[in-house]
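Chemist:
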Amino acid sequence: MLHTISTANQSAIDPQLISDQDAVLFWQNGVVLALQNNPLLNDIINKTKYCYIINSDIEARGLSKIIDSRLKIINMQQAVELTAHHFPQMNWE
Numbered sequence: 007m008l009h010t011i012s013t014a015n016q017s018a019i020d021p022q023l024i025s026d027q028d029a030v031l032f033w034q035n036g037v038v039l040a041l042q043n044n045p046l047l048n049d050i051i052n053k054t055k056y057c058y059i060i061n062s063d064i065e066a067r068g069l070s071k072i073i074d075s076r077l078k079i080i081n082m083q084q085a086v087e088l089t090a091h092h093f094p095q096m097n098w099e
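Quick note on numbering: our numbering labels position 59 of the sequence shown as 65, and the sequence is numbered without any gaps.
Here it is as structure tokens:
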């Protein structure tokens with residue numbers, strides 16, 4: 007399953023629903039949750055090692071220097087490929 011996180015609202019996300027085989031994509035306003043030392047992000051990373059973030063969304067918000075280094079930064083084309091390889095998908099918004 008692919009979990010896409012497009013919200014900065016931490017209470018809208020339940021990490022208990024993420025398994026070790028799932029992938030998580032932070033995009034749009036969801037990139038705000040990918041900051042260093044965020045307890046919710048730590049919970050997600052402890053659930054799965056497949057965590058991605060879109061570079062253009064990071065840059066648009068000026069967050070490049072404070073994004074957690076454990077996430078893999080990808081471009082929009084790679085995000086499209088990620089969605090093509092994972093089914094079903096759940097959007098956290």
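Built from N, CA and C at the ideal position, the CB exists for glycine as well.
Around the C-beta of L23, are 16 or more other C-beta atoms found within 10 angstroms, so that it is buried, or is it exposed?
Modeler: Per the 10 Å Cβ criterion, exposed.
Chemist: State the Cα-Cα distance for the pair K71 and N61, rounded to the nearest angstrom.
Modeler: One C-alpha to the other measures close to 12 Å.
Chemist: Closest to I80 by C-alpha separation, out of V30, A14, M7, would be which residue?
Modeler: Comparing Cα positions, the closest option is V30.
Chemist: When the Cα atoms are used, what is the spatial distance from T54 to Q42?
Modeler: Spanning the two alpha carbons is a distance of roughly 17 Å.
Chemist: How would you label G36, buried or exposed, when you count the other beta carbons within 10 angstroms and need 16 or more for buried?
Modeler: It is buried - the Cβ of G36 has at least 16 other Cβ atoms within 10 Å.
Chemist: In the DSSP assignment, find the beta strand (DSSP E) that holds I79 and state where it starts and stops.
Modeler: Where I79 is concerned, the enclosing beta strand (DSSP E) stretches over 78 to 80.
Chemist: Leaving out five residues before and five after I19 in sequence, what residues of the same chain have Cβ atoms less than 7 Å from its Cβ?
Modeler: Answer for I19: I11, L46, W98, listed in chain order.
Chemist: What runs of the alpha helix (DSSP H), each 4 residues or longer, lie entirely inside the region 33 to 75?
Modeler: Runs of the alpha helix (DSSP H) inside the region 33 to 75: 45 to 53, 61 to 66.
Chemist: From W33 to D63, what distance separates their C-alpha atoms?
Modeler: Their backbone Cα atoms lie some 6 Å apart in a straight line.
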